[in-house]
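In this text, residue positions in the sequence shown follow the numbering used here: the first is 11, and each later residue adds one. Cβ atoms here follow ideal geometry from the backbone N, Cα and C, with glycine treated the same way. Bear in mind that the values here come from a model prediction, so they are computed numbers and not experimental data. Structure record follows, encoded as structure tokens.
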Amino acid sequence: MKVMDQIIYSMWPGETFFGDGAVKGLGEHACRLGGSRALLVTDPGVQGAGLLEDALAALDTADVESVLFDEVEANPADELIGRGVERFNKSGADLLVAVGGGSSIDTAKAVQLVAAGGGNILDYDLGLGNEVKPTPGDMAPLIAVPTTAGTGSEVTAWAVITDTRRNIKTSVGDVNLIPRIAIVDPEMTVTMPPVLTAATGIDALSHCLESFVSTLEHPLGDLLALYGVRLVAQNLRQAVDNGEDMVARRNMALASMLGGMSLNLKWGGACHSLAHQLSAEAGVSHGVSIALMLPHQIEHSLSGNWEKYAKVAEAFEKGEAANSLQEKAMQAVVAVDDLIRDIGLPTRLRDVGIREDMLPRMARKAMMDDSHMTNPRRCTEDAMLGLYQKAY
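This is the structure:
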């Protein structure tokens, strides 16, 4: 399959190739970037599912050597990044290829950053309040191949890393962290089990929804985000029910990509500030954490932008009989909550190992997470605690 057989989105600093079988062009893309040896960053689950076969074959056909780093775990930590940098430096690689979900792609971003700039990944942490180490401009190029439809990390400028000393999730970000090439192949998502399809799909929804209602203004971002909401509303149930439904898989892969692009333009909201603490405190997967908090965060935020939340309800085909804008907007809460329940994700914090005594500490840490800065309704520590209590 030739590169030009794919749909090409050239709106971002990198190139994005979208289409069934797009991963077969990986070797060609690696050569265009001048790569001769690639560090392939992934996790054991991706390898076990056989998802590396086409990627490795494409690199081999193009005479690009590959060195495997398959130690990625969910919610990648600073210590993992250190091991990845060591592997990259010893391998002699001049290119990184991430094949996996957001954790693999974020790990690869962090490895390329530290390998070029030195130090520790937390030296680049935007949330520490210290002087941030500048992002080098001569990093090894990164090609991202997502195997989930959720994070959109293949097109974002961010990597989310767990700081093991402070036990929080934090972000490093710079436009240079957007992968040089993203290969979004919906066929790579077909092996996702229903629970992973559900969790990553809700993550994609949250990116589209939170960026749409963000206080930052960007007309193009609004168009992308709202279309992404509509795609999730129309396709996530089908993708969970039948993983081989390629129409649903394609639309979810597109929604995930649009959500990532929207985040670049408009940032996010308080749901991510809340969800990050569930992962850091109890190891809850990111998508499940989002599902637990999203309906409560929407309900809290409605008054910040009734009009846009009403449009979210419309994207779910809800609120036609509403007698007011506010009544229609409230249907966004119902629609999202119904979706989460229909696809079988948990709805109570107590069911995923969160104890009630954790809530005040998580509320304090949520206020340290900058995602809530563009939430349509202002957040306070008391408000964060109240949302955790509602979800408990």
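In the structure shown, the three-state DSSP call for Gly94 is helix. Rounded to the nearest whole angstrom, the C-alpha separation of Asp88 and Thr117 is 9 Å. In the three-state reduction of the DSSP assignment, Trp277 falls in the coil class.
For the pair Gly354 and Lys143, the Cα-to-Cα distance works out to about 42 Å. Taking C-beta separations shorter than 6 Å and ignoring five residues to either side along the sequence, the partners of Ser101 in its chain run Leu49, Val77, following chain order. Linking Thr174 to Arg351 through their CA atoms gives a straight-line distance of about 32 Å. The three-state secondary structure of Lys328, taken from DSSP, is coil.
Burial state of Asp184 is buried, judged by a 10 Å Cβ sphere holding 16 or more other Cβ atoms. DSSP links Ala108 through a beta bridge to Val51, Ala154.
In this structure the region 110-129 lies against the region 50-68, because at least three pairs of beta carbons, one per stretch, are closer than 8 Å. Distances from the CA of Ala150 to each of Gly44, Glu366, Ala280, Ile171 were compared; the closest alpha carbon is that of Gly44. In this structure, the alpha-carbon of Ser289 lies about 15 Å from that of Ala401. Taking all protein chains in view, the Cβ of Glu324 is crowded by 16 or more other Cβ atoms within 10 Å, so the residue is classified as buried. Per DSSP, reduced to three states, the secondary structure at Gly211 is helical.
DSSP lists no beta-bridge partner residue for Trp316.
Segment contact: the region 263-283 against the region 218-230, three or more CB-CB distances shorter than 8 Å; contact assigned. Going by DSSP, Thr172 is part of the beta strand (DSSP E) stretching over 168-173. Taking C-beta atoms as the reference points, Gln248 and Val239 fail to come closer than 9 Å. Looking at Val346, Asp348, Trp316, the one whose alpha-carbon comes closest to that of Ala339 is Trp316. By the C-beta criterion, the region 190-205 is judged not to be in contact with the region 304-321, since fewer than 3 inter-stretch pairs fall below 8 Å. The region 66-84 and the region 30-44 touch, with no fewer than 3 CB-CB distances between them shorter than 8 Å. If you look at Val344, you'll find it in the alpha helix (DSSP H) that goes 335-352. At the C-beta level, Ser266 and Pro386 stay beyond 9 Å of one another.
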